[in-house]
Amino acid sequence: MELPTIWIRFIVTGGVTGILGDLQKLEASIQTSPQFLGLQATSFGRCAYLSVPRSQMSAAAKPVLRVAGISGSIREASWHRGLIRAAAEICEDSIPGLRVDDLDIADLPMLNTDLETDGGRGFPPTVEAFRAKVRDVDCFLFASPEYNYSITSPLKNALDWASRGVNCWADKPGAIVCAGANFGGGRSSYHLRQVGVLLDIHFINKPELFVFSFYEPGKFFDGDGNLIDAETRERLKKVLLSLQAFTLRLQKKD
């Protein structure tokens, strides 16, 4: 007789504290992942267990990768914020196992090391919260406008804050998408890649997405910055699929 429930076993290594920590992470995943809703985690000794109905096993077996979507523009109707929104919609509609969350950088103070405490290990609350979100995700999607042939000051500020002390960006994959004029914002992507070398962000190389929207904005985006061009959405989906595959490949090597 086939049992209706499968128990997935997780080994933990930090005693009671480790078990509780792992369970909290597991339960957080349950609450934020539709395929895990209603499941319960339990601990016995030095192991944690997740009870999964067999009918949900195929969905539960697929890891859900969390992507931090970061727009270098903080303007509400920005095309780049629209690209992040479109990426989240595409993942929800047609890419199982991938979720994009908008990581807003608008409220970060300008980098000033006078704001740091505890010998450079403490940060203002908004910075601490941002750094925690960067640490918690699996990979990054940067939507990077081109300002004066480079990345924007808000984006550089965010990169710098999360690299202070313990580098929160390190050893995670990333992808870059841009919109703009003749080069589609491409120069900013190359500068961002250069910064990523020192931060140990591993960017995918292909496919690239440069949206040449400056001279035909109504073709690609509406007045609120939402992406409306079907071909560009399909190209964005290919970027996301490449980022998903690359992230899974790197995680298997760990």
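In my numbering, the protein residues as written are 380 to 633. Here a beta-carbon is modelled for each residue, glycine too, at the ideal position from N, C-alpha and C. Note that the structure is predicted; figures quoted are calculated from it, not measured.
Tell me whether residue i sits in a helix, a strand or coil according to DSSP, three-state version.
i	result
Y569	helix
F625	helix
F600	strand
K585	coil
A554	strand
L482	coil
L520	strand
L487	coil
F509	helix
S532	helix
G544	coil
G501	strand
G575	helix
What separation, rounded to the nearest whole angstrom, lies between the Cα atoms of residue i and residue j?
i	j	result
R460	D486	15 Å
Q623	L444	7 Å
R454	G553	22 Å
G498	P488	19 Å
G575	F519	11 Å
F600	G559	12 Å
T626	P586	15 Å
Y569	H581	13 Å
S542	L578	7 Å
R478	I607	20 Å
E525	S450	12 Å
K512	A609	31 Å
V618	T496	39 Å
D483	A522	12 Å
T611	R566	19 Å
W458	N561	16 Å
I474	E613	12 Å
G564	Y528	8 Å
T492	R500	11 Å
Q573	I583	13 Å
N536	P596	28 Å
Apart from the five residues just before and just after residue i, which ones in its own chain have a Cβ nearer than 6 Å to its Cβ?
i	result
D603	A456
D481	G448, I463
D517	L444, R445, T626
Enumerate in chain order the residues of its own chain whose CB-to-CB distance from residue i is below 7 Å, with the five nearest sequence positions on each side excluded.
i	result
R628	none
P442	G476
L620	I474
I530	G451, S523, S567, H570, L571
Give me, in chain order, the residues of the same chain whose beta-carbon lies closer than 8 Å to that of residue i; leave out the 5 immediate sequence neighbours on both sides.
i	result
L615	L462, A465, A466, I469, V556, L588, L606
W540	L487, L490, F502, V506, F509, R510
E471	R478
P533	G451, S452, I453, I484, A485, L487
Answer with yes or no whether the minimum CB distance from residue i to chain D is below 7 Å.
i	result
L494	Of the chains in the structure shown, none is chain D; there is only one protein chain.
Which parts of the region 434–473 are runs of the alpha helix (DSSP H), unbroken and 4 residues or longer, counting only runs that do not cross its ends? Entirely contained in the region 434–473, the alpha helix (DSSP H) runs reaching 4 residues are, in chain order, 436–439, 458–473.
With a threshold of 8 Å, are at least 3 pairs of Cβ atoms found where one atom belongs to the region 588–600 and the other to the region 536–550? Contact fails between the region 588–600 and the region 536–550, because fewer than three Cβ pairs, one in each stretch, are under 8 Å apart.
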